[in-house]
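*Asks:*
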Amino acid sequence: MKKLRSGTLSKGVHSPSHQAKFRQAAFFYIHVAILYEAAVWVLHRDGSLPSRGPVGLWLIAGGVLASVVFWGLWSWRNVWLARALWAIGALRIPTLLRGAFLPQEEAVLSPTFYIAALIVVLVNLWLLARAGWDL
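To convert, note that position 135 of the sequence shown is 1489 in the working numbering; the numbers rise steadily by one, no gaps.
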């Protein structure tokens, strides 16, 4: 079968190595989501989270969204989904850099929190790029 540029074989089936990249991206994404959920819960209990409605509702919505993304990466294996998630994730970098290296005096979170989040986001972007562009 002739390999296409998108990383799929001519019948639309991904190669085994490309399938593995989607599985890795899916599992890392769900772990990132677990970290986000835990951070929301801890910040809420600490009183550091701004009020934007019931925290339980946001946690449920976040869990549902993370589950849909996991399923999309694991089952659908669409390169455009991985690329879109990569682009959205890349938008987090300026805020994380600002919090890590240019902290404001009134900042609630320490620069260490932002540095750890930056590392997690960059690894997530790396795995999404591997799936999205078959790197």
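Using N, Cα and C, we set each Cβ at its ideal position, and we do this for glycine too.
Is the Cβ-Cβ distance between Val1475 and Leu1450 less than 8 Å?
*Replies:* yes
*Asks:* Can Ala1485 and Leu1427 be called in contact, C-beta distance under 8 Å?
*Replies:* Against a cut-off of 8 Å, the Cβ pair of Leu1427 and Ala1485 comes out as a contact.
*Asks:* Since Gln1373 is in the alpha helix (DSSP H), which residue starts that stretch and which ends it?
*Replies:* Under the DSSP assignment, Gln1373 falls in the alpha helix (DSSP H) whose first and last residues are Pro1370 to Asp1400.
*Asks:* If you follow the alpha helix (DSSP H) that Ala1438 is in, where does it begin and where does it stop?
*Replies:* Val1433 to Ala1444
*Asks:* For Val1386, collect the residues of the same chain with a Cβ closer than 7 Å to its Cβ; drop the 5 residues on either side in sequence, then sort them by chain order.
*Replies:* Here the set comprises Val1474 and Asn1478.
*Asks:* Please report how far the alpha carbon of Tyr1390 lies from the alpha carbon of Gly1453, in whole angstroms.
*Replies:* 16 Å
*Asks:* Exposed or buried, which one is Leu1481 when buried takes at least 16 other CB atoms within 10 Å?
*Replies:* buried
*Asks:* Using only the alpha-carbon positions, how far apart do Arg1406 and Ala1415 sit?
*Replies:* 13 Å
*Asks:* Can you find the residues in the same chain that come closer than 7 Å, C-beta to C-beta, to Trp1440, ignoring five residues on each side of it along the sequence?
*Replies:* Leu1479, Leu1482, Ala1483 and Gly1486
*Asks:* So which of Ala1392, Phe1376, Ala1374 and Tyr1468 has the shortest CA-CA distance to Val1409?
*Replies:* Ala1392
*Asks:* So the alpha helix (DSSP H) Pro1448 belongs to, where does it begin and stop?
*Replies:* Ile1447 to Phe1455
*Asks:* Thr1466 to Leu1411, Cα distance in whole Å?
*Replies:* 28 Å
*Asks:* Helix or strand or just coil, what does DSSP make of Gly1407?
*Replies:* coil
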